[in-house]
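The structure appears below as structure tokens.
Number of protein chains: 2
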Amino acid sequence: MPDGRLRGHTSELYWNFVTPYGGVTAATVLNSILLQPQRLGDPVALTVNFAGPIRAGELFVAARLERSNRSTQHWSVLLTQPADPRPLVSAIAVFAPRRPSWGRTEIAPPLVAAPQASARVPSVPGLRWPALYEMYYVHGRPGQANDDSITHHWIRDAPPRDLDFASLTSICDAFFPRLFMLRPQVVPVATVSLNIYFHLDSEALSRQSTAHLLGVARGQVYHEGYFDQEAQVWGRDDRLLATTHQLVWFKE
Amino acid sequence: MPDGRLRGHTSELYWNFVTPYGGVTAATVLNSILLQPQRLGDPVALTVNFAGPIRAGELFVAARLERSNRSTQHWSVLLTQPADPRPLVSAIAVFAPRRPSWGRTEIAPPLVAAPQASARVPSVPGLRWPALYEMYYVHGRPGQANDDSITHHWIRDAPPRDLDFASLTSICDAFFPRLFMLRPQVVPVATVSLNIYFHLDSEALSRQSTAHLLGVARGQVYHEGYFDQEAQVWGRDDRLLATTHQLVWFKE
Numbered sequence: 001m002p003d004g005r006l007r008g009h010t011s012e013l014y015w016n017f018v019t020p021y022g023g024v025t026a027a028t029v030l031n032s033i034l035l036q037p038q039r040l041g042d043p044v045a046l047t048v049n050f051a052g053p054i055r056a057g058e059l060f061v062a063a064r065l066e067r068s069n070r071s072t073q074h075w076s077v078l079l080t081q082p083a084d085p086r087p088l089v090s091a092i093a094v095f096a097p098r099r100p101s102w103g104r105t106e107i108a109p110p111l112v113a114a115p116q117a118s119a120r121v122p123s124v125p126g127l128r129w130p131a132l133y134e135m136y137y138v139h140g141r142p143g144q145a146n147d148d149s150i151t152h153h154w155i156r157d158a159p160p161r162d163l164d165f166a167s168l169t170s171i172c173d174a175f176f177p178r179l180f181m182l183r184p185q186v187v188p189v190a191t192v193s194l195n196i197y198f199h200l201d202s203e204a205l206s207r208q209s210t211a212h213l214l215g216v217a218r219g220q221v222y223h224e225g226y227f228d229q230e231a232q233v234w235g236r237d238d239r240l241l242a243t244t245h246q247l248v249w250f251k252e
Numbered sequence: 001m002p003d004g005r006l007r008g009h010t011s012e013l014y015w016n017f018v019t020p021y022g023g024v025t026a027a028t029v030l031n032s033i034l035l036q037p038q039r040l041g042d043p044v045a046l047t048v049n050f051a052g053p054i055r056a057g058e059l060f061v062a063a064r065l066e067r068s069n070r071s072t073q074h075w076s077v078l079l080t081q082p083a084d085p086r087p088l089v090s091a092i093a094v095f096a097p098r099r100p101s102w103g104r105t106e107i108a109p110p111l112v113a114a115p116q117a118s119a120r121v122p123s124v125p126g127l128r129w130p131a132l133y134e135m136y137y138v139h140g141r142p143g144q145a146n147d148d149s150i151t152h153h154w155i156r157d158a159p160p161r162d163l164d165f166a167s168l169t170s171i172c173d174a175f176f177p178r179l180f181m182l183r184p185q186v187v188p189v190a191t192v193s194l195n196i197y198f199h200l201d202s203e204a205l206s207r208q209s210t211a212h213l214l215g216v217a218r219g220q221v222y223h224e225g226y227f228d229q230e231a232q233v234w235g236r237d238d239r240l241l242a243t244t245h246q247l248v249w250f251k252e
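In the order they appear, the protein sequences are chains A and B. In terms of my numbering, the first sequence opens at residue 1 and continues consecutively. In terms of my numbering, the second sequence opens at residue 1 and continues consecutively.
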């Protein structure tokens, strides 16, 4: 658009109950920066705050470069829709060219069984987007009263496609809400803030190709209408691709 | 100021090597929202991205209410200085009135010894702000090559003062950089993104009074110039007050 905003449209495929699946909205926000000609380097940090329900239809995404220096770029993004000038999503991100350094991965992925079709997550009535992922739970059983909310699951796009930062971003939100791991009853939930740190550059990311990723997640605290969720996304060769955290509102 | 921005000044007491201590900058950002007349409820999520070095002197903080609905307020904050129109800090936050709900704390604080003056962190030459905290390490020894970066420390303001959201925010950044828990050599480090989820309201927070808080932290991955750090801040009565994550740039 003439004012620099990007124009898009919600996707029926990724529609959730009352608004698009949050992972795809976060990926849309990230992509609005990836598409900017002055963008340098790869995403290292992304925070997406969900301020209101996006309705089916047209949407506008405005990415603004707040500050750039030799080693980092700081971006902010607002998502709006035609009927309402107030943002429905408010996000900030850090991009940077990665450079070689000393490194270590201090935690290890859990030892889990390979993806097995028998463990594939059952479909959710009325929702199409879960079927756009191959997802196999290998630890933790969603939708029942478990002792803890820890889950390990394999995940990749269905049909398989090469991993990129947009798909990794979306995968960071594809964890079953932790509340439903402790209490089976279904109540309204909505992510209010999603935070992702990326731990590899686009070249290393492309080497993940169509590998299944291993997601490890748990909640820490559920209190006065909100709970948190912390997670790691592991890739091929035991690489920790992303660490992610979110805060989720729930209603009783 | 007439345009709604708040005017402040860096503090000599909280000066770090080349810029203010990041925790106090994050607290300043949060406070700029707490001071707004239309602010509703308490902070539940805060992300502060540090875009450039704040210099000693005057600073301006502009808090903007991006969207408000029945249950949440979404804010964005930019911090600038007179000499440069580009933001030095870019932040977003979610505020909400808390309401009673089902709750559980799924993790537990480590069992540790009470604060002992003998374990007080030694002062850092040239820095005054560490002495503005009473800080006692009870697990993990900063500044040497440890097997992992896990630390447990007691912390409160010195002299003691009642806990509020600004002081809790600042305490969320008072963790020794995880890199220095694994490698004793000192290299330049800088937090680029600090994320905090708050798990109690102001009334419960005030009941913490001047209690020592227990900070538990670890790094997960150090790669290509950045590392992450995840932490919990526990209070009196085994209450999990805040969960926090940050991404730190380092130079070799």
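Think of the CB as a built atom: it goes at the ideal place given N, C-alpha and C, for glycine as much as any other residue.
Three-state class that DSSP yields for residue i in the structure shown
i: Phe-227 of chain B; result: strand
i: Pro-129 of chain A; result: One point to set straight first is that residue 129 of chain A is Trp, not Pro, in the sequence displayed. Helix, per DSSP.
i: Gly-215 of chain B; result: strand
i: Ile-155 of chain B; result: strand
i: Phe-180 of chain B; result: helix
i: Glu-134 of chain A; result: strand
i: Phe-17 of chain A; result: coil
i: Val-24 of chain B; result: helix
i: Phe-175 of chain A; result: coil
i: Ala-190 of chain A; result: strand
i: Ser-206 of chain B; result: helix
i: Ser-68 of chain A; result: strand
i: Thr-10 of chain B; result: coil
i: Ser-90 of chain A; result: strand
i: Asp-84 of chain B; result: strand
i: Ser-149 of chain B; result: coil
i: Ala-51 of chain B; result: coil
i: Ile-107 of chain A; result: coil
Nearest residue (CA-CA) to residue i, options the options
i: Phe-176 of chain B; options: B:Ser-90, B:Gly-219, B:Gly-57 and B:Thr-210; result: B:Gly-219
i: Leu-132 of chain A; options: A:Leu-200, A:Val-24 and A:Lys-251; result: A:Val-24
i: Lys-251 of chain B; options: B:Ala-166, B:Ala-190 and B:Arg-239; result: B:Ala-190
i: Thr-105 of chain B; options: A:Tyr-14, A:Thr-28, A:Glu-134 and A:Leu-179; result: A:Leu-179
i: Met-181 of chain A; options: A:Arg-207, A:Arg-55, A:Ser-202 and A:Asp-228; result: A:Asp-228
i: Arg-86 of chain A; options: B:Arg-86, B:Pro-82, B:Asp-238 and B:Gln-73; result: B:Gln-73
i: Ala-108 of chain B; options: B:Val-248, B:Ser-11 and B:Asp-238; result: B:Asp-238
i: Leu-213 of chain A; options: A:Pro-82, A:Asp-164 and A:Pro-184; result: A:Asp-164
i: Pro-188 of chain A; options: B:Arg-55, B:Ser-101 and B:Thr-80; result: B:Ser-101
i: Leu-247 of chain A; options: A:Leu-65, A:Ser-193, A:Tyr-14 and A:Phe-17; result: A:Ser-193
i: Val-121 of chain A; options: A:Arg-128, A:Ala-114, A:Glu-134 and A:Leu-127; result: A:Glu-134
i: Asp-148 of chain B; options: B:Arg-161, B:Val-221 and B:Phe-17; result: B:Val-221
i: Leu-186 of chain B; options: B:Asp-157, B:Asn-69, B:Gln-144 and B:Arg-156; result: This sequence places Val at residue 186 of chain B; Leu is not what is there. Ranking B:Asp-157, B:Asn-69, B:Gln-144 and B:Arg-156 by Cα distance to Val-186 of chain B puts B:Gln-144 first.
i: Leu-40 of chain B; options: B:Ser-71, B:Asp-3 and B:Arg-7; result: B:Ser-71
i: Ser-202 of chain A; options: A:Pro-160, A:Ala-166 and A:Phe-17; result: A:Ala-166
i: Asn-16 of chain B; options: B:Ala-204, B:Ala-158, B:Pro-125 and B:Arg-67; result: B:Pro-125
Nonlocal neighbours in the same chain, by C-beta distance under 8 Å from residue i, ignoring five residues either side
i: His-9 of chain B; result: Gly-57, Glu-58 and Leu-59
i: Ser-123 of chain B; result: Pro-130 and Ala-131
i: Gln-81 of chain A; result: Ile-54, Arg-55, Gly-57, Glu-58, Leu-59, Phe-60 and Leu-88
i: Leu-13 of chain B; result: Arg-128, Trp-129 and Leu-132
Own chain residues within Cβ distance below 7 Å of residue i, not counting five before or after
i: Ala-242 of chain B; result: Leu-168, Cys-172, Ile-196, Tyr-197, Phe-198, His-199 and Val-233
i: Val-90 of chain B; result: Note that residue 90 of chain B is Ser in the sequence shown here, rather than Val. If we look at Ser-90 of chain B and ignore the five residues flanking it on each side, its Cβ neighbours are Asn-49, Ala-51 and Leu-78.
i: Ala-63 of chain A; result: Ser-32, Ile-33, Gln-36, Trp-75 and Val-77
i: Asn-146 of chain A; result: Gly-140, Met-181 and Leu-182
i: Gly-225 of chain B; result: Trp-249 and Phe-250
i: Gly-235 of chain A; result: Gln-208, Ala-211, Leu-213 and Leu-241
Same chain, Cβ closer than 6 Å to residue i, five either side skipped, listed in chain order
i: Ala-152 of chain B; result: The sequence shown places His at residue 152 of chain B, not Ala. Only Pro-110, Val-112, Val-138, His-139 and Val-216 meet the Cβ criterion.
i: Glu-230 of chain B; result: His-245
i: Pro-142 of chain B; result: Phe-176
i: Val-44 of chain A; result: Val-94, Ala-96 and Phe-198
Cβ of residue i within 8 Å of any chain A Cβ
i: Ile-155 of chain B; result: no
i: Pro-122 of chain B; result: no
i: Ala-51 of chain B; result: yes
i: His-253 of chain B; result: This structure does not reach residue 253 of chain B, given that chain B is present from 1 up to 252, and the question cannot be answered.
i: His-74 of chain B; result: yes
i: Gly-235 of chain B; result: no
i: Glu-252 of chain B; result: yes
i: Asp-338 of chain B; result: Because residue 338 of chain B is not part of the residues shown, which for chain B are 1 to 252, the question remains open.
i: Arg-218 of chain B; result: yes
i: Gln-208 of chain B; result: no
i: Thr-105 of chain B; result: yes
Chain B within 8 Å of residue i, Cβ atoms only
i: Arg-141 of chain A; result: no
i: Ile-92 of chain A; result: yes
i: Gln-144 of chain A; result: no
i: Val-24 of chain A; result: no
i: Ala-45 of chain A; result: yes
i: His-152 of chain A; result: no
i: Val-221 of chain A; result: yes
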